[in-house]
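The listed protein sequences correspond, in order, to chains S and H. Numbering-wise, my numbering comes out as the position in the first sequence, counting from 1, plus 206. Numbering-wise, my numbering comes out as the position in the second sequence, counting from 1, plus 39. So the structure is just underneath, and the comments pick up after that.
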Amino acid sequence: MKKILLGNEAIVKGALVSGVSFVSGYPGCPSAEIGDEFGKIAEKNGVYAEWSTNEKVALEAAIGASFSGLKSLVNMKSFGINVCSDSLLPLAYTGTKAPMVIVVADDPSCWSSAQTEQNSRAYAYLSHIPMLEPADPQECYDFTKLGFEISEKFNTPVILRTTTRVNHQKMIVDFEEPHSAKATRGDFVKNPKQFCTMPPRVLEMKAELLEKTEKISAFAEKSSVLNKVSGRRTSPQLGIITSGVAHLHTLEALDEMQLSAPVLKLGLFYPLTEKKIAKFIKGLKKVLIVEELDGYLEKEIKAIAKEANPKLQIFGKDLLPVIGELDTGKIELALSKITGKKFTLSKESASIAKAPRRYPKLCQGCPHLYTIAALKRIAPNAVFGGDIGCYMIAGYPPHNTQDYEFAMGAGLGISHGVSKATGQKVISLMGDGTFFHAGIPALINTVYNKSSPILIVLDNRITAMTGHQNNPGMGKNLMGKDAEELQIADIAKACGVKNVKVLDPSNIKELDATIKEFLEKDEVSVIVCKLICALLARRQQAAKE
Amino acid sequence: MLIKGVGGQGIVTLVAIIAESAFLNGYDVKSSELHGLSQREGSVQAHIKFGKKVYSPLVYKGQADLVIGQELLEGLRSVELAGSQTKFLINMFNSPFIGSMKEQEILDELNKLPKDKLNLVKASEICKDKLGNQVLSSVYLLGYAISRKLMPLKKESVLQAIKNVIPEKYREMNIKALELGYGQ
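As structure tokens, this is what we get:
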């Protein structure tokens with residue numbers, strides 16, 4: 207059937223029709239709707255779905271399912287692959303038993319990402335795991351299916367690497383609705399020869415992995431779906447090689463300029479089909495490589511061209527930016543420089559005043575506002591550690607109460623270092639979701655190695671920023687089932703923290719007094735500011751009415 | 040077409056209705072939207088393109104036929120992305136912040152645009168008064184846009200799109216908002 211689907215919805219459809227039965231992940235933008243959607247439909251499709259505590263645990267859960275014979279899908283945003291990489295690399299060595307697709311969603315231009323403008327394609331080199339790059343929702347559907355097929359054929363996990371403009375793109379998608387299935391139970395059959403990466407076996411496994419990669423490459427050379435050529439060869443003998451959503455901008459640029467040139471679209475980033483590329487560039491005088499962020503393809507193609515066509519002029523990152531996403535205009539400009547054809551997308555906008563920048567704001571009634579205000583009131587000279595969550599907005603004006611902000615759970619780790627190195631008073635903020643994700647090891651480190659920051663856990667009873675996902679502190683899991691409601695204060699005490707207080711931050715007096723009291727301590731202390739997210743409270747109220 | 044506003048104004052829903060309606064009209068269609076932190080009352084921008092064949096989901100600078108600004112300052116912000124052919128449909132709703140421009144200043148700037156290109160509509164105010172919910176302003180603007188032929192979509196297809204896209208509970212009020220904008 208044909209329907210308008212978001213890229214993320216198309217991934218879900220592709221996984222369902224492939225017979226996925228185990229889904230794990232950690233919410234992040236732009237991948238979160240994949241897990242959210244599975245939360246809604248898992249049960250009736252015979253699928254088990256969870257938000258795991260973090261991406262590493264999510265991947266490990268899927269590895270267990272795969273070793274037990276269940277098809278699995280793991281979903282995460284770009285930085286998630288950093289978190290799970292410790293288990294990702296050995297997974298390439300062991301391979302899968304049942305097929306597994308891992309969705310990793312990058313965010314060129316950092317539309318909804320702090321941290322870095324990460325290019326997760328590099329993990330394909332590091333891990334030797336095949337990596338597919340869809341350009342649009344139709345390919346999200348097709349490539350998810352293809353990912354499961356490749357995974358099944360070669361017993362390897364397959365990474366589906368997307369970007370914001372793919373995950374959050376909508377188009378008319380031709381797809382099949384899956385038949386509703388009954389939940390399947392796996393069966394773990396012992397096979398330590400495959401599942402343990404211990405020496406001396408580990409080096410044999412590496413050899414097997416490299417051999418497997420050769421086979422996948424040979425398979426991909428024959429595929430007409432993975433890497434496609436379109437367009438015609440014309441007189442200037444210019445060719446274009448593209449990947450991901452930049453392929454669509456390229457086709458638009460060619461159309462706008464009324465330029466016809468052959469375009470090789472690489473749907474498989476790794477392993478690269480060298481023969482296909484060599485064949486494509488033979489006879490060309492010039493080639494433009496259109497890829498977002500780092501020029502990985504460009505480097506590879508330059509190496510291939512040394513033998514296949516040494517005179518070929520190769521353009522890429524000399525004409526296209528390494529920073530930020532690409533668009534039709536940037537590609538047209540590059541093409542006009544190569545061909546001498548006119549840049550058609552000129553614009554004449556009215557000359558009126560430029561609108562001042564609008565920063566994201568904490569919502570009306572947000573519980574974090576109480577805490578951020580108290581910091582400025584009680585401890586204006588403290589060092590403020592930030593972390594990943596809505597409360598990053600503390601770093602924007604008018605708050606300006608964030609002195610460093612890195613990665614999930616990193617704020618407290620750094621705060622420990624600052625506290626040890628200087629003896630200055632450090633107050634670190636962390637959300638409930640982040641605490642469960644990566645905060646606990648850092649908290650144990652402050653106790654074990656004796657530093658004295660104050661950790662304020664902003665417990666708004668949900669993982670809010672990524673679209674309100676349940677977490678281990680809420681008593682509900684992804685599929686809406688009752689779960690143990692973990693108490694952050696109990697965990698802090700169990701980690702050895704002696705000064706622990708749970709309070710309602712709207713009780714300003716108590717909040718102020720507690721911060722003052724804990725500033726005097728020469729050991730770590732934890733304040734849990736527990737108050738429901740204002741948006742969630744309004745939604746719950748509306749649902750009741 | 041570009042849709043600009045601030046987080047929480049129902050932009051994702053508006054994109055879904057327009058895309059569905061374009062599909063029902065037999066057009067090829069692509070859109071791109073943003074979710075996440077930008078939603079927290081920051082600037083939000085969505086792109087929609089429909090026609091015989093659509094390649095890229097993004098509208099390049101200067102190429103938009105129509106800009107729907109759901110908020111005054113965001114409407115003003117969109118002018119730098121517009122070209123000489125671009126028409127503007129802007130909701131006279133102001134979401135101010137410290138360091139923003141005064142409402143009158145924004146209006147003065149917008150009024151420098153050619154008269155035949157600019158449509159200023161009090162969508163939020165009307166929806167709040169008549170329907171008790173200003174989030175419906177986006178669908179109101181859509182009704183206005185199709186009745187003034189700012190967008191080549193048939194009303195029947197938009198009504199059908201609302202039925203296909205909006206959960207039953209909210210359907211009726213969305214249809215009312217569309218009719219209200221259409222009859223304006």
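Where is the CB? At the ideal position from N, CA and C, for every residue including glycine. Nothing here was measured: the structure is a model prediction, and the numbers come from that model.
With contact defined as three or more Cβ pairs closer than 8 Å, the stretch 391-404 of chain S and the stretch 520-534 of chain S are not in contact. Of all residues in the stretch 306-327 of chain S, only W317 and S318 come within less than 7 Å of chain H when Cβ atoms are compared, listed by chain position. Taken in chain order, the members of the stretch 453-483 of chain S whose beta-carbon sits within less than 7 Å of a beta-carbon on chain H are L454, H455, L457, E458 and D461.
Not one beta carbon of chain H lies nearer than 9 Å to the beta carbon of C402 of chain S.
DSSP lists S:G231 as the beta-bridge partner residues of W257 of chain S.
A distance below 9 Å separates the beta carbons of L128 of chain H and L180 of chain H. Annotation for Y66 of chain H: no alpha helix (DSSP H) segment contains it, and DSSP assigns it neither H nor E. The C-beta separation of L618 of chain S from L649 of chain S comes to about 6 Å, placing the pair in contact by the 8 Å criterion. Between the stretch 659-679 of chain S and the stretch 687-702 of chain S there are three or more C-beta pairs closer than 8 Å, enough to call the two in contact.
For N705 of chain S, DSSP records a beta bridge to S:S731.
In its chain, beyond the 5 residues on either side, A341 and D342 have a beta carbon closer than 8 Å to the beta carbon of L454 of chain S. No Cβ-Cβ contact shorter than 9 Å links I50 of chain H with I201 of chain H. CA-to-CA, the gap between A426 of chain S and A579 of chain S works out to about 57 Å. In the structure shown, the three-state DSSP call for L635 of chain S is strand. Around the beta carbon of N214 of chain S, 16 or more other beta carbons sit within 10 angstroms, so the residue counts as buried. N676 of chain S and E207 of chain H have their C-alpha atoms spaced approximately 25 Å apart.
In this structure, DSSP gives H86 of chain H an extended state, which the three-state scheme calls strand. For the pair of segments examined, the stretch 343-355 of chain S was found not to touch the stretch 614-630 of chain S: the number of CB pairs separated by less than 8 Å stays below three. Shown here for N213 of chain H: same chain residues with a beta carbon closer than 6 Å to its own, the five before and five after excluded, namely V178, I201 and I205 in chain order. Closest option to K517 of chain S, judged by alpha-carbon separation, among S:K488, S:L478, S:I483 and S:K543: S:K488.
When S:A561, S:K262 and S:K485 are compared, the shortest CA-CA separation from M140 of chain H is found for S:A561. For F425 of chain S, the uninterrupted alpha helix (DSSP H) run begins and ends at R407 to K428, by DSSP.
A contact is defined here as three or more CB-CB pairs under 8 Å, and the stretch 731-739 of chain S fails this definition with respect to the stretch 147-158 of chain H.
Legend: CB atoms of the stretch 168-202 of chain H lying less than 9 Å from CB atoms of chain S are not found in any residue. At a beta-carbon threshold of 9 Å, none of the residues of chain S lie near A216 of chain H; the nearest stands roughly 18 Å away. The C-beta of M40 of chain H comes no closer than 9 Å to any C-beta of chain S.
Just so you know, the alpha carbons of I495 of chain S and N281 of chain S end up roughly 29 Å apart. Among the residues of the stretch 369-380 of chain S, those with a Cβ less than 8 Å away from any Cβ of chain H are T370, R371, H374, Q375, K376, M377 and I378, in the order of the chain. The residues V45 and E110, in chain order, have a CB closer than 6 Å to that of S134 of chain H in the same chain once the five nearest residues on each side in sequence are set aside. Residues of chain H whose Cβ lies closer than 7 Å to the Cβ of P562 of chain S are, in chain order, G138, S139 and M140. When only Cα atoms are considered, P384 of chain S and K219 of chain S end up about 8 Å apart.
Taking each of H:V106, H:G138, H:L198 and H:L159 in turn and checking the Cα distance to F132 of chain H, the smallest one comes out for H:L159. Within the stretch 105-126 of chain H, the residues whose Cβ lies closer than 7 Å to some Cβ of chain S are L112, L115, R116, V118, E119, A121, G122 and S123, listed in chain order. By alpha-carbon distance to S163 of chain H, the top candidate from H:Q48, H:V98, H:G114 and H:A58 is H:Q48. Pairing K505 of chain S with A424 of chain S, the inter-Cα distance amounts to about 21 Å. Under the criterion of beta carbons closer than 8 Å, F354 of chain S and P305 of chain S qualify as touching, at roughly 5 Å.
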